[in-house]
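The structure appears below as structure tokens.
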Amino acid sequence: MSGRATQPEASRPFQEMVILGVQVLLGVGFMVFSAYVFYEAALALYKLDLVRMVGAYFLFFGTVGLGPFFWPFSWPFGEGH
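In numbering that gives the first Met the number 0, the protein residues as written are 0 to 80.
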């Protein structure tokens with residue numbers, strides 16, 4: 000007799016829906032943040048503001064470098080997780 004508890008089959012669809020919801024929220028948040036960064040970069044170019052250009056550069060590439068871990072449609076841990 001093993002001491003491991005198994006999840007009932009009825010809770011799996013709910014758990015998958017929660018995971019999918021979290022992934023979609025993270026994806027939408029990342030897209031909104033990316034749009035904000037692009038807006039900042041465009042405004043910096045329009046005003047020729049060097050400080051804002053550097054800030055937008057680091058905001059964009061600092062987050063895009065972490066992008067695969069936050070992008071829900073290319074989950075980095077495989078299909079089983």
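C-beta atoms are modelled at their ideal positions from N, C-alpha and C, and glycine is treated no differently.
Return the Cβ separation of residue i and residue j in integer angstroms, given the expectation that the two are a contact with Cβ distance under 8 Å.
| i | j | result |
| --- | --- | --- |
| F59 | A41 | So it is not a contact: roughly 12 Å between Cβ atoms. |
| M52 | A43 | 4 Å |
Count the other C-beta atoms from every protein chain shown that fall within 10 angstroms of the C-beta of residue i, then say buried if there are 16 or more, exposed otherwise.
| i | result |
| --- | --- |
| A55 | buried |
| V17 | exposed |
| V36 | buried |
Helix, strand or coil: which one does DSSP assign to residue i?
| i | result |
| --- | --- |
| L47 | coil |
| G28 | helix |
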